[in-house]
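In our numbering, the protein residues as written are 73 to 284.
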């Protein structure tokens, strides 16, 4: 638990320590649990809808979708970090990248999610409302001063935590691969570009199939 808080200021040291532990003891179920909790909290705090949903709906949706999201984010994403990182001279194994992803991304995201929950409850279910047409027409849902205060504080927390979590992940990937955080940024950019191209190709074929 000490590393859960130390990771915010010493990500490389935490990853190095956790790599030693992971190589000595099987942590599979612990990592899956952390991945699942992280996915649930991330879904709960980032859910959006064109109609205002109930908290119960969002919770059930998060619990169910995270069953699929958690193993994908734990195994597939970390394997992609390992694969792309190896092109740049990275030495990390799939296990190394799982450890780095868990401790420098999933745990910080979980902590951010827990901190966000009280503010979301104050804002209410309208927090999830997102309608592009209404936004373009500058139509806003009326919020009380307390709700506005909670929304502004939450926005500040989310932006700060989002940027810092990205920095932590870059150092985590770097430690796992034994290269700099700047190379980790390049890994993420290459991977992002690849996934974007794949998404565009799939969308293109779906449009063609739909037109037939």
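Note that the Cβ used here is the ideal one computed from N, Cα and C, for glycine as well.
Spatial neighbours of residue i in its chain, beta-carbon cut-off 7 Å, leaving aside the 5 residues before and after
i	result
residue 222	191, 194, 195
residue 154	164, 165, 166, 169
residue 131	116
residue 79	86, 175, 176, 179, 180, 240
Environment of residue i [buried if 16+ CB atoms lie within 10 Å]
i	result
residue 242	buried
residue 202	exposed
residue 217	exposed
residue 276	exposed
residue 77	exposed
Counterpart residues of residue i in DSSP-defined beta bridges
i	result
residue 121	201
Whole-number beta carbon distance between residue j and residue i, since they are thought to touch under 8 Å
i	j	result
residue 146	residue 107	4 Å
residue 244	residue 87	5 Å
Contacts around residue i, its chain only, beta-carbon distance under 8 Å, and the 5 residues preceding and following it disregarded
i	result
residue 104	142, 143, 146
Nonlocal neighbours in the same chain, by C-beta distance under 6 Å from residue i, ignoring five residues either side
i	result
residue 84	243, 247
residue 160	255
residue 264	none
Would you check if the region 84 to 95 and the region 116 to 133 touch, i.e. whether three or more CB-CB distances between them fall below 8 Å? Contact between the region 116 to 133 and the region 84 to 95 is absent, with fewer than three C-beta pairs closer than 8 Å.
Would you check if the region 264 to 275 and the region 172 to 190 touch, i.e. whether three or more CB-CB distances between them fall below 8 Å? For the pair of segments examined, the region 172 to 190 was found not to touch the region 264 to 275: the number of CB pairs separated by less than 8 Å stays below three.
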